[in-house]
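So the sequence shown is residues 12 to 89, counted in the working numbering.
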Amino acid sequence: MDRKLYELEGLRQLTNTHYTEIERPLANETATLLQNTLNDIYRSSFLSEKQLRYLSSEVPEKSQPFYLLPKVHKPTDV
12 MDRKLYELEG LRQLTNTHYT EIERPLANET ATLLQNTLND IYRSSFLSEK QLRYLSSEVP
72 EKSQPFYLLP KVHKPTDV
């Protein structure tokens, strides 16, 4: 696929009401909030230690790439 067409389709999809640009990466903040919530649930005895380990995750060191599957073969009026 032509790179320019790919970029145009990506911008078209991202400029609708479903997406909002964020000011900064949220992975660290989200991972900390999730881990605190899981720890609270574990302390309340609703999770086993094995479940806690399974649900806990590492914070990604860098942002993940954004991939797009454009449907450029479809008419734009659909």
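Idealized CB from N, CA, C, for every residue including glycine.
Considering only 78, 79, 74, the residue with the shortest C-alpha distance to residue 35 is 74. The residue among 45, 22, 47 with its C-alpha nearest the C-alpha of residue 77 is 22. Per DSSP, residue 41 is one residue of the alpha helix (DSSP H) stretching across 38 to 54. Relative to the Cα of residue 46, the nearest Cα in the group 63, 57, 37 belongs to 63. The residue among 37, 19, 14 with its C-alpha nearest the C-alpha of residue 71 is 37.
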